[in-house]
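Each step along the sequence shown adds one to the number in this note's numbering, with nothing skipped, and position 104 is 169.
A virtual CB, placed ideally from N, CA and C, is assigned to each residue, including glycine.
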Amino acid sequence: MIIKTLNQLAMKKLFLLLMMAAAMSTTFAFKVEKTTLTGYIGDAMCAAKGKANSADHAACAAKCIKGGAAAVLVVGDKVYSIANQKKVIKFAGKKVTVEGTVTDDSIDVSSITEAK
66 MIIKTLNQLA MKKLFLLLMM AAAMSTTFAF KVEKTTLTGY IGDAMCAAKG
116 KANSADHAAC AAKCIKGGAA AVLVVGDKVY SIANQKKVIK FAGKKVTVEG
166 TVTDDSIDVS SITEAK
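So, in structure tokens, the structure goes:
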């Protein structure tokens, strides 16, 4: 009887430890890294259609972003949502170099400059 009770306690502790490990692993599952990227500030709608990755789209992007569309950073075929929109609005449609923290498909911009 005592051995059975001790085994039950050991199993409960093991289960609790496994649950804690699982919870912690999901907490750190998102990849976060500081990086520098060069691409175009486009609007989310055109970027989803693959039309926001060139200087030819500059006027449309500027108009859409100033009209309230979400700004995104387009680097080749990759589209990053921008966490702090106000920082990039004046660069709408332009080729830029952005420094910031990337989390999955989003970037929190720390600095932005127009690229050549």
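Length of the line joining the Cα atoms of residue i and residue j
i    : j    : result
G104 : A88  : 36 Å
I130 : K151 : 11 Å
I126 : G107 : In the sequence under discussion, the amino acid at residue 126 is Ala, which differs from the Ile named in the question. Each residue's alpha carbon lies about 5 Å from the other.
D173 : L102 : 12 Å
G115 : N149 : 22 Å
K181 : K160 : 7 Å
A109 : D169 : 16 Å
T166 : T100 : 6 Å
Terminal residues of the alpha helix (DSSP H) in which residue i lies
i    : result
I130 : 123 to 131
Below-8 Å beta-carbon distance, residue i vs any chain C residue
i    : result
V137 : Of the protein chains in the structure, only one exists, and it is not chain C.
Nearest-angstrom beta carbon gap, residue j and residue i [assumed within contact, 8 Å]
i    : j    : result
V139 : I177 : The pair is not a contact, with the Cβ atoms about 14 Å apart (cut-off 8 Å).
A157 : A136 : 6 Å
Point to revise | Three or more C-beta pairs below 8 Å linking the stretch 120 to 127 and the stretch 141 to 151 | key: no
Practice item. Could you pull out every unbroken beta strand (DSSP E) segment of at least 3 residues lying fully inside the stretch 109 to 176, listed in chain order? Key: 136 to 140, 143 to 147, 160 to 168
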